[in-house]
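In the UniProt record's numbering, the protein residues as written are 1 to 292. Idealized CB from N, CA, C, for every residue including glycine.
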């Protein structure tokens, strides 16, 4: 459901579309506008879904003025369902790659069964022997373990390896010294790192490292001109409007969650029909990306 869709995942996808020059983000004193400027034909389903939401539903079909977008705006159910559909695209891709949780083995299940029995019946026995009712507290723990043994899961080997790899990459992006040692000269690679950093919740670290690399002259000029001219991300215009974009993404995702929650509440009380939803397999942490 949409509450499981991480704001960072949505923000990273939109910024990646800006990096690919499918979208353009421009700002002035009164407006911050995100505009559809490139072709959408070769985009993935999840990329097309976000363009549909932010350009067509929230915008006028061509662009969206982030500054004039009212945060009091209620997300309609048709749009909220698109957030859920976007989430399902992510979930399906994760499952397709085998990045799933698996039921624990028979050995671990046996141990849970043993401890469940010990806590459940042991509490009664020890209470009877000692006369101290505090040992009855083990009874609910035993019941909990009894239910857990049928639903307990652990990451598959592939998922565990993937989590470790992404954690290592996050640590790399968060470490100024490692980024400095890597001596990344390509502006395009810095842009890609920035997109990943947004999803992982450490974009502020990459921005600071980029600025330092720029000051140190590590990032080379292209045809004698500064890289800032060629970057749709690392430029003063984008930096001024990034926080507005981050705020809009956070608010709209939250409002979509509220719309769906209200629908389900009405459904449970007999006032309306509910619907099923997927869940995100998100990778980033909440809190949006860091500003420039």
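Check the Cα spacing between residue 38 and each of 48, 168, 94: the tightest is with 48. With a threshold of 16 other beta carbon atoms within 10 Å, residue 212 falls short and is exposed.
Taking the Cβ atoms as the reference, residue 67 lies roughly 5 Å from residue 32, within the contact range of under 8 Å. From the listed residues 74, 179, 13, 242, the smallest Cα separation to residue 257 is found for 74. Here residue 34 is bridged, per DSSP, to 25, 64. Spatial neighbours of residue 13 in its own chain (CB-CB distance under 8 Å, excluding positions within 5 residues in sequence) are listed in chain order as 46, 47, 50.
Here residue 183 is exposed, its C-beta having fewer than 16 other C-beta atoms within 10 Å.
Rounded to the nearest angstrom, the gap between the Cα atoms of residue 205 and residue 248 is 22 Å. Residue 78 sits in a helix when the DSSP states are folded into three classes. Between residue 234 and the set 53, 189, 260, 265, the nearest pair of CA atoms involves 189. Between the beta-carbon of residue 172 and that of residue 178 there is about 5 Å, and that keeps the pair under the 8 Å contact cut. Straight-line spacing of the CA atoms in residue 10 and residue 59 works out to 17 Å.
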